[in-house]
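Chains A and B, in that order, are what the protein sequence lines are. First residue of the first sequence: 1, per the numbering used here; consecutive thereafter. First residue of the second sequence: 1001, per the numbering used here; consecutive thereafter.
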Amino acid sequence: MTAGAATRGLPIEIVGLTKYFGAVHAVDHLTFTVEPGRVTGFLGPNGSGKTTTLRMLLGLVHPTAGTATIGGRPYADLENPSSTVGAVLEATSFHPARRARTHLRMVARAGGHDERRADEVLDLVGLTADARRAVGGFSMGMRQRLELATAMIGDPDVLVLDEPSNGLDPQGIAWLRDFMRYLAGEGRTVLVSSHLLAEMAQTIDDAVIVSYGQLKAQGTLAEITAGMTGIAMRARTPEADRLVSVLDGAGIAHRRLGPDEVVMDGVGPERVGPLLAQHQIVLYELVPEGGDLESVFLSLTSGLGFGNVAAHA
Amino acid sequence: MINAMRAELIKMRSMPGVWVTLGLVLPLTVLVILGVFVESASLTGHTFWYVHTVRERRELLGAGYFGLEILAPIMGVLCITGEYRHQTITTTLVLTPLRTRVLGAKVIVTALWSVLLALLSLVAVVVVGLPWNAGLGGVTSQVTDQVGAVVPGLLASAILLGLFGLGFGTLVKNQVAAILLTIGGTLILESLLIALARAVFHYNLNWLPNGAGAALAGDIARGFGGGGRGTGIHLLTWWQGGLVMLAWGLVPLALGYFTTFRRDVT
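Dropping the structure here:
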């Protein structure tokens, strides 16, 4: 696969997007932008509002307030949606008796494309040999590939992928990573939600981190991780309980990683060192924490968020 | 709309339940044909006898109606509930965001498959009923003379029964429940309600779906449904039946659209 230089993508703009399900605030005044030609990770814990946001973007869920547009237009107003946006939402949305090729022929028809596109996208995702098999017999990984084929049927400018690596084996995940990089290299807009942070860290250019439906951070991966470096410390100590009491007394946010491990957020060694010495807490290890996506994610989504990292970057 | 309709046609063609439904119309029609000849023989001393009154000739031509009153609504139910059962509604609405367009395509496709059901029942009449009638001594042209009185109404009834099923499926969404309720409503509930209305209120309950459909289909309905002549109700005129059937087809569809189909797909 070779990446083209053309910039064919469209920006995704989420402005003040809000969705209440009764008393539950699934998405709460969310605002962010996704740029073409880049892979943007949409990251958050389970139940943080990622899927609801993507479904509002695609017109499946009606927002309580705010707007979600693609190239400045709501999804429902796009002239040819499947040529503009390809979406992978769930790997279970197939009729089990339908053959893979029949499913894609149906999708091609619905989008107004030539049915021959079915064979092209089957080849693209490596499912040509299984084209005549009923989807009910597919593994989760094969279903994910078929979802991707479905999304690619209209050769869209924008890809919206909700947890596309679920069920994929390591080879599949590596393939997906290359696939997304290739699409972004062609100038397309790729927005991918996931909670597999190690995998995302290898794939994405930009990140949008949400928790409880609210934006916690947005920026390039470098900006986000750089903004967090050195402002968390991890201590390993046989006196973890006493350490926690001391941190509570000093008003320092912290997380318990294990019986003898505590992470102190928002502080550096200059603050922590004297404090622990003052209370004569035995330490086996005291190291800076952070500088990687997982640390940033855990810090921002543990309810102790540090605000918009992009603002610091 | 054309694209959505073509996609819906592929969906229906690739659902085994649709083909089973289509296949069932043949044995059900043959069963009714057999019943017509048995009833025609009731005063002759024979087991079977050719159709010799206008009503019997119409019953022979419209022998498929009994199957249609069960299977056409099921066709409509399958068209919409399959989407919810297998969660394909997500893909459908992503590909065609305008929900009125999706529902419009389903209306047309349900109508087409319902017509196919009706035509298949007529094939059974032509292949089994007419030769058998001729073999018993009947005159085929006397039966085919009634085509104009029966076939247009049969086709229209099939379409409207199909739309009734589509609207019902849009409201209920659960495929198994919708199919069971459709069969139960046709075979049991409507007849019970008719009998209850007559016995308790002395009321001629002839505007339920199968009774109205029977009126539209040229007074040919028989069997277990509400339109059968065994139920003792006086059917509406064909045009009254048509209007009532139109309401049974469109009201659940409109209710389904405004209550469930427009809801969030989460």
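Glycine included, every Cβ here is placed at the ideal spot set by N, Cα and C. Given the structure is predicted, the values throughout are model-derived calculations rather than measurements.
Q) Taking C-beta to C-beta, are A68(A) and T18(A) nearer than 8 angstroms? A) Contact: no.
(Q) Distance check for E1059(B) and R1222(B), CA to CA, integer angstroms please. (A) Any reading at R1222(B) must be qualified, since the residue scores a pLDDT of 47, below 50, and its modelled position is unreliable; the value itself is stated next. The alpha-carbon atoms of R1222(B) and E1059(B) are separated by roughly 8 angstroms.
(Q) A1212(B) and G1167(B) - do their beta-carbons sit closer together than 8 angstroms? (A) In this structure, A1212(B) does not lie closer than 8 angstroms to G1167(B) by Cβ.
Q | Pick from V135(A), R188(A), Q280(A), L276(A) that is closest to G71(A), judged by C-alpha positions | A | Measuring from the Cα of G71(A), the nearest candidate turns out to be R188(A).
Q) Buried or exposed: which applies to T1237(B), given that a residue is buried once 16 or more other Cβ atoms fall within 10 Å of its Cβ? A) Counting Cβ neighbours within 10 Å, T1237(B) comes out exposed, since fewer than 16 surround it.
**Q.** Spatial distance of S1114(B) from D162(A) (CA atoms)
**A.** One C-alpha to the other measures close to 38 angstroms.
**Q.** Short Cβ contact (8 angstroms threshold) for A1072(B) with G1162(B)
**A.** Yes. Within cutoff.
Q: Count the CB pairs spanning the segment 249-266 of chain A and the segment 206-222 of chain A that are closer than 8 angstroms, and state whether there are at least three.
A: Touching, no, given that fewer than three Cβ pairs across the two stretches are closer than 8 angstroms.
Q.
At the 8 angstroms Cβ level, is G59(A) part of the contact set with chain B, yes or no?
A. Yes - at least one Cβ of chain B is within 8 angstroms of the one on G59(A).
Q. Applying the criterion that 16 or more other CB atoms from any shown protein chain within 10 Å of the CB defines a buried residue, is S1141(B) buried or exposed?
A. Result: exposed.
Q | Backbone CA spacing between V121(A) and A149(A) [nearest angstrom] | A | Taking the straight line from one Cα to the other gives about 5 angstroms.
Q. Just checking, does the segment 1118-1125 of chain B make contact with the segment 1181-1196 of chain B on the three C-beta pairs under 8 angstroms criterion?
A. As far as the Cβ criterion goes, the segment 1118-1125 of chain B does not touch the segment 1181-1196 of chain B, which means the pair count is below three.
Q. Which chain B residues are close to E90(A), counting only those with a beta carbon under 8 angstroms from its beta carbon?
A. In chain order: Q1087, T1090.
Q | Any 3 or more C-beta pairs closer than 8 angstroms across the segment 130-143 of chain A and the segment 1017-1037 of chain B | A | Judged by Cβ distances under 8 angstroms, the segment 130-143 of chain A makes no contact with the segment 1017-1037 of chain B, as fewer than three pairs qualify.
Q: State yes or no: is the C-beta of E13(A) nearer than 7 angstroms to some heavy atom of the ligand HEM?
A: As presented, the structure is devoid of all ligands, the ligand HEM included, so that no description of it is given.
Q: Using 10 angstroms around the beta-carbon of S1191(B), count the other beta-carbons present and answer buried if the total reaches 16, otherwise exposed.
A: With 16 or more Cβ atoms within 10 Å of its Cβ, S1191(B) is classed as buried.
Q) What is the DSSP secondary structure of I1033(B), counted as helix, strand or coil? A) Residue state, collapsed to three classes: helix.
Q: May I have the straight-line CA-CA distance separating G22(A) from H29(A), to the nearest angstrom?
A: A direct Cα-to-Cα measurement between G22(A) and H29(A) gives close to 16 angstroms.
Q. Taking Cβ-Cβ distances shorter than 8 angstroms, what residues in chain B pair up with A253(A)?
A. Against chain B, a Cβ distance below 8 angstroms from A253(A) picks out nothing, because the smallest value is about 34 angstroms.
(Q) Just verifying my parser: in three-state terms, what is the DSSP assignment at L1253(B)? (A) In the three-state scheme derived from DSSP, where H, G and I count as helix and E and B as strand, L1253(B) is classed as helix.
Q: Pull up the CB-CB distance for R177(A) and Q202(A), whole angstroms please, since I reckon it's below 8 angstroms.
A: Taking the Cβ atoms as the reference, R177(A) lies roughly 6 angstroms from Q202(A), within the contact range of under 8 angstroms.
Q | With 16 other Cβ atoms within 10 Å as the buried cut-off, status of G37(A) | A | Looking at its Cβ environment, which holds 16 or more other Cβ atoms inside 10 Å, G37(A) is buried.
Q. Are there three or more Cβ pairs, one per stretch, closer than 8 angstroms when the segment 275-291 of chain A is compared with the segment 72-81 of chain A?
A. No: the two stretches stay apart, fewer than three of their Cβ pairs being nearer than 8 angstroms.
Q.
Quick check on R256(A): buried or exposed, where buried means 16 or more other Cβ atoms within 10 Å of its Cβ?
A. Counting Cβ neighbours within 10 Å, R256(A) comes out exposed, since fewer than 16 surround it.
**Q.** Reduced DSSP category for H254(A) - H, G, I as helix; E, B as strand; rest coil
**A.** Three-state DSSP puts H254(A) in a strand.
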